[in-house]
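Working notes for the structure below.
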Amino acid sequence: AQSVAQPEDQVNVAEGNPLTVKCTYSVSGNPYLFWYVQYPNRGLQFLLKYITGDNLVKGSYGFEAEFNKSQTSFHLKKPSALVSDSALYFCAVRDIAWGNNRLAFGKGNQVVVIP
Amino acid sequence: DGGITQSPKYLFRKEGQNVTLSCEQNLNHDAMYWYRQDPGQGLRLIYYSQIVNDFQKGDIAEGYSVSREKKESFPLTVTSAQKNPTAFYLCASKRQGSADVNIQYFGAGTRLSVL
Chain C
17 AQSVAQPEDQ VNVAEGNPLT VKCTYSVSGN PYLFWYVQYP NRGLQFLLKY ITGDNLVKGS
77 YGFEAEFNKS QTSFHLKKPS ALVSDSALYF CAVRDIAWGN NRLAFGKGNQ VVVIP
Chain U
-9 DGGITQSPKY LFRKEGQNVT LSCEQNLNHD AMYWYRQDPG QGLRLIYYSQ IVNDFQKGDI
51 AEGYSVSREK KESFPLTVTS AQKNPTAFYL CASKRQGSAD VNIQYFGAGT RLSVL
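First to last, the sequence lines map onto chains C and U.
Read in order, the letters of the first sequence correspond to residues 17 to 131 in the numbering used here.
Read in order, the letters of the second sequence correspond to residues -9 to 105 in the numbering used here.
Here it is, written out as structure tokens:
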């Protein structure tokens, strides 16, 4: 089965410092990878995706992610974190066992940006 | 104002009672999904539907039922057979066969608690 792992439960970072949220994946075939963000008591918002092409993908709110095939990773990054970036972040991969129709989500990482 | 609307925002269930969570979308999306979110467990798929009058079980369908009589609507019933229903429930939708392949768009969620 296709899966993603988010090894850290919580990431703490000072405002203005670089932010990295880690994700590794396990798939057969070419991975379709996604990052979503969830603010408290809200639904998930799409940030960015990797399908093919450049390994560095740029998304919403200044976030980017780097696809690394040799390390099977898709880490989310932001050069300078804001307090408003404090949220829950989910990595997801297309689950090809179910065709084009399902995503497998990681358990999520809580990001806390300290003023 | 396009999007996915979930109602109610908060719902309380008495023991032995069936309750229904509403999900409506005006995005003209073909596929719709229901997820359950528990702390530290990420999102787990309950049911999904790719087309009107058709739906498939996800990973945790027991104790839940759905219908898809209209393209815009995908209600979820939490039955009395679901012994641990307390969770945050998220509805999502997705276009089929578009350039935005696999991007799911989420509603704001319904928080269900047991009285």
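Glycine included, C-beta positions come from ideal geometry on N, C-alpha and C.
Note that the structure is predicted; figures quoted are calculated from it, not measured.
Next on the checklist: Comparing C-alpha positions only, which one of Thr76/U, Ser39/U, Gln94/U sits nearest to lysine 84/U?
Outcome noted: Gln94/U
Next on the checklist: What does the Cβ neighbour count give for aspartate 111/C, buried or exposed, with the cut at 16 atoms within 10 Å?
Outcome noted: buried
Next on the checklist: Would you call the stretch 20 to 27 of chain C in contact with the stretch 57 to 76 of chain U, where contact means no fewer than 3 C-beta pairs closer than 8 Å?
Outcome noted: no
Checklist entry - Are the C-beta atoms of glycine 59/C and some chain U residue less than 7 Å apart? => result yes
Checklist entry - Should alanine 120/C be labelled buried (16 or more other beta-carbon atoms within 10 Å of its own) or exposed? => result A buried status is given to alanine 120/C, since no fewer than 16 other beta-carbon atoms sit within 10 Å of its beta-carbon.
Item to check | Simplified DSSP state of serine 89/C, which is helix, strand or coil | outcome: strand
Checklist entry - To which residues of the same chain is tyrosine 0/U closer than 7 Å at the C-beta, ignoring the five residues directly before and after it? => result Arg101
Checklist entry - What does a CB cutoff of less than 6 Å around valine 128/C pick up in its chain, not counting 5 residues either side in sequence? => result Asn28, Ser102
Checklist entry - When burial is assigned at 16 or more other CB atoms within 10 Å of the CB, is leucine 63/C buried or exposed? => result So leucine 63/C counts as buried.
Next on the checklist: I'd like to know if the stretch 58 to 78 of chain U and the stretch 10 to 25 of chain U are in contact, where contact means that at least 3 CB-CB pairs between them fall below 8 Å.
Outcome noted: yes
Checklist entry - Using DSSP with H/G/I as helix, E/B as strand and the rest coil, what is tyrosine 77/C? => result helix
Item to check | Those runs of the beta strand (DSSP E) which lie wholly inside the stretch 25 to 49 of chain U and span at least 3 residues | outcome: 32 to 41, 44 to 47
Item to check | Pairwise C-alpha distance: tyrosine 41/C and glutamine 18/C | outcome: Our two residues, glutamine 18/C and tyrosine 41/C, have alpha carbons roughly 8 Å apart in a direct line.
Checklist entry - For serine 100/C, does the three-state DSSP call read helix, strand or coil? => result helix
Checklist entry - So what does isoleucine -6/U bridge to, in DSSP terms? => result In the DSSP assignment, isoleucine -6/U forms a beta bridge with Gln15/U.
Item to check | Span separating the alpha-carbon of serine 103/U from that of histidine 19/U | outcome: Rounded to the nearest whole angstrom, the C-alpha separation of serine 103/U and histidine 19/U is 29 Å.
Next on the checklist: Against chain C, which members of the stretch 64 to 89 of chain U pass a CB distance test of less than 7 Å?
Outcome noted: Leu80
Checklist entry - Of all the options Leu104/C, Gln54/C, Val43/C, Leu35/C, which has the alpha carbon lying nearest to the alpha carbon of glutamine 87/C? => result Closest by alpha carbon: Val43/C.
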